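Working notes for the structure below.
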Amino acid sequence: MADESINKGRRRFLTASTAVIGAGGLALTALPFVKTWLPSARAEAIGAPVTVSIAKIEPGQKVQVGWNKQPIDIVNRTPEQLKWLAKQDPRLRDPASKEPQQPKYCQNPWRSIKREWLVFIDICTHLGCVPDYEGAVKPEPWDPEWKGGYYCPCHHSRYDMAARVYQGVPAPLNMVVMPYHYIDDTHIEIGVDPSADEIKQIIAANEKLAASLAKGAA
Numbered sequence: 129m130a131d132e133s134i135n136k137g138r139r140r141f142l143t144a145s146t147a148v149i150g151a152g153g154l155a156l157t158a159l160p161f162v163k164t165w166l167p168s169a170r171a172e173a174i175g176a177p178v179t180v181s182i183a184k185i186e187p188g189q190k191v192q193v194g195w196n197k198q199p200i201d202i203v204n205r206t207p208e209q210l211k212w213l214a215k216q217d218p219r220l221r222d223p224a225s226k227e228p229q230q231p232k233y234c235q236n237p238w239r240s241i242k243r244e245w246l247v248f249i250d251i252c253t254h255l256g257c258v259p260d261y262e263g264a265v266k267p268e269p270w271d272p273e274w275k276g277g278y279y280c281p282c283h284h285s286r287y288d289m290a291a292r293v294y295q296g297v298p299a300p301l302n303m304v305v306m307p308y309h310y311i312d313d314t315h316i317e318i319g320v321d322p323s324a325d326e327i328k329q330i331i332a333a334n335e336k337l338a339a340s341l342a343k344g345a346a
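See the structure below:
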């Protein structure tokens, strides 16, 4: 039965999908997928860099595309989802992302180049299932204090809205953030790092933002 569940989980990433938090942030609803967001079949097949438009992704919405035969999730995080990130640190296995599961330029509290936009490989670090996006901030059967994130139905691993793994679950590591960069404000290229100068700017900007947010929360 467990193997069957894992196989079903593995198959889920073959279908590109979107999800969005509904009114009041309480419901998740499937949305039609916009084909222009998808990379070409050839790019997916050879693992070449792919470009994705994020212009129509609404706050709370997730879009999944394929790259290098892996499911890549792009999430436009809401202010409510973001405000809980630091508050989840005591419950997480690697809150500071010390394990090398992301590029250096994404080793920050939100594990991304831009705070609102989460971009990562949606594969559980336990046995490779594809966790479900459960973005609503509300009690769930697997966690009465759920603040949005990813839940793996195969063996019940949980991740927060930065794809960081919780303590006490089978998954040993945060999910992977692959190389990516912004071509412009509305297009991401997956599979390519920013330039060296851009990396310095990204790290400096996020360090400044993290310090400002920490000061404001004190």
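Start counting the sequence shown at 129; every next residue gets the next number (the working numbering).
C-beta atoms are modelled at their ideal positions from N, C-alpha and C, and glycine is treated no differently.
All figures in this text were calculated on a predicted structure; none of them were measured in a lab.
When DSSP labels each residue in this structure, what does Asp-222 get in the three-state scheme? coil
Are the beta-carbon atoms of Asn-302 and Asp-201 separated by less than 8 Å? no
Which of the three DSSP states is assigned to Leu-246 in this structure? strand
Mind checking which residues open and close the beta strand (DSSP E) that includes Gln-198? 198-204
Contact defined as beta carbons within less than 8 Å: I believe Ile-318 pairs with Tyr-233. What is the distance between those atoms, to the nearest angstrom? With 8 Å as the limit, Ile-318 and Tyr-233 do not qualify as a contact, their Cβ atoms being about 14 Å apart.
Beta-carbon separation of Pro-307 and Tyr-287 under 8 Å? In this structure, Tyr-287 does not lie closer than 8 Å to Pro-307 by Cβ.
To the nearest whole angstrom, what separates the beta carbons of Ser-285 and His-254, a pair I think is in contact under 8 Å? 5 Å
Expressed to the nearest angstrom, what Euclidean distance is found between the alpha-carbon atoms of Thr-314 and Asp-321? Rounded to whole angstroms, Thr-314 and Asp-321 show a C-alpha spacing of 17 Å.
Grab me the residues of Ile-187's own chain with a C-beta within less than 7 Å of its C-beta, minus the 5 sequence neighbours each way, in chain order. One detail in the question is off: residue 187 reads as Pro in this sequence, not Ile. Cβ neighbours of Pro-187 beyond the five flanking positions: Asn-204 and Thr-206.
Going straight from the alpha carbon of Ser-240 to that of Ser-181, what length do you get? 17 Å
Would you please verify whether the beta carbon of Asp-288 is less than 8 Å from any beta carbon of chain C? Of the protein chains in the structure, only one exists, and it is not chain C.
Whose C-alpha, out of Ala-338, Lys-215 and Thr-179, is nearest the C-alpha of Asn-289? In the sequence as displayed, the identity of residue 289 is Met instead of Asn. Looking at the Cα atoms, Lys-215 is the closest of the given residues.
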